[in-house]
Amino acid sequence: NAGVMQNPRHLVRRRGQEARLRCSPMKGHSHVYWYRQLPEEGLKFMVYLQKENIIDESGMPKERFSAEFPKEGPSILRIQQVVRGDSAAYFCASSWTGTENTGELFFGEGSRLTVL
Amino acid sequence: DAKTTQPTSMDCAEGRAANLPCNHSTISGNEYVYWYRQIHSQGPQYIIHGLKNNETNEMASLIITEDRKSSTLILPHATLRDTAVYYCIASGTYKYIFGTGTRLKVLA
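Taken in sequence, the protein lines are chains R and E.
Each residue of the first sequence is one higher than the one before, starting from 5 at the first, in the numbering used here.
Each residue of the second sequence is one higher than the one before, starting from 123 at the first, in the numbering used here.
Structure representation (structure tokens):
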């Protein structure tokens, strides 16, 4: 049973370009979460999605960042016009329970974005 | 989510028990205590969670004080592969607040 799959694992972008990070949840999971980890810091919640719905995006920066989880295909975190401060590891997690999570989140290996 | 406080780092001899403390004095009644670990900047790995009773699984034991203001994660026989950053999280939702965790180094 494959775990949470994220790609690309490493992405290099120049300032002003767009970054797209993809996440396929574990089989049977319909809840996806994105977290960001800056160097030497803990993970910070960005957004929680279910299929075709954004449930909570309170951790997302107001500009340039967007996320989706379409009916078919992976969840995508999109960062437009990247800046150096966007350089970080972006982790996706999935679960089969809903918003009152009393179980574990399964994390992917992360996508490391470097902005030159 | 309640704030948690953990020591910055700890060392443990290989084969000995590693006891990692966590304070969560503002935890509310519906918040669980979760432990995750992160090895070499990989994705966090779930270890164990509990509400008020002590819990044990194949990886670790979780001891929660009666007032729920603190807990201890116990790795009964630490190995070199247990070297990682360990995060204690108090949460009733998916919005985990990861602090900086405890950097556990298991020594040969």
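A virtual CB, placed ideally from N, CA and C, is assigned to each residue, including glycine.
- Taking C-alpha positions only, Gln160/E is separated from Ile219/E by approximately 14 Å.
- Taking 3 residues as the shortest admissible run, the stretch 150–226 of chain E contains the following complete beta strand (DSSP E) segments, listed from N- to C-terminal end: 154–160, 167–172, 183–186, 192–197, 206–213.
- Under the Cβ criterion (8 Å, minimum of three pairs), the stretch 54–72 of chain R does not count as touching the stretch 128–135 of chain E.
- In the structure shown, the three-state DSSP call for Arg18/R is coil.
- Using a Cβ-Cβ distance cut-off of 8 Å, the stretch 52–67 of chain R and the stretch 7–19 of chain R are not in contact, since fewer than three pairs of beta carbons, one from each stretch, lie closer than that value.
- Interface annotation, Glu76/R: not in contact with chain E, CB-CB separation never under 8 Å.
- Between Ile83/R and Arg68/R, the gap from beta carbon to beta carbon is short of 8 Å.
- Contact with chain R is absent for Thr148/E, since none of that chain's Cβ atoms lies less than 8 Å from the residue's Cβ.
- Proximity of Tyr94/R to chain E, defined by a Cβ-Cβ separation below 8 Å, is not satisfied.
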